[in-house]
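Numbering (the numbering used here), first residue to last: 55 to 153. Using N, Cα and C, we set each Cβ at its ideal position, and we do this for glycine too.
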């Protein structure tokens, strides 16, 4: 297993994830090669919520092709992996408290 801060890259804060927080679900951007067990262990270590994670769901989002109209100038955004952590009711993650 990698170090916890190598597994979890950053929180993902959008309108949709803010709505999901009301259902005790928190969304994070994680390393593409991280497994659900790695993500669970890293989140428990970083956020100090041992045993309070009920479920970990992962989504691999493929990057968009962006660029000019001509094909020669096309670029591509990187692929990312998102993890949605479902935690026990009443559990709050420090990182998301003031949002």
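Reference residue i, options the options, closest by Cα
{"i": "residue 105", "options": "95, 113, 111, 112", "result": "95"}
{"i": "residue 115", "options": "91, 129, 92, 86", "result": "86"}
{"i": "residue 132", "options": "84, 58, 77", "result": "84"}
{"i": "residue 79", "options": "110, 148, 119, 90", "result": "110"}
{"i": "residue 57", "options": "76, 81, 99", "result": "99"}
{"i": "residue 142", "options": "134, 120, 76", "result": "76"}
{"i": "residue 146", "options": "137, 65, 103", "result": "103"}
With 16 other Cβ atoms within 10 Å as the buried cut-off, status of residue i
{"i": "residue 139", "result": "buried"}
{"i": "residue 107", "result": "buried"}
{"i": "residue 93", "result": "buried"}
{"i": "residue 113", "result": "exposed"}
{"i": "residue 88", "result": "buried"}
{"i": "residue 62", "result": "buried"}
{"i": "residue 81", "result": "buried"}
{"i": "residue 97", "result": "buried"}
{"i": "residue 137", "result": "buried"}
*What beta strand (DSSP E) runs, 3 residues minimum, are completely inside the stretch 76-107?*
79-84
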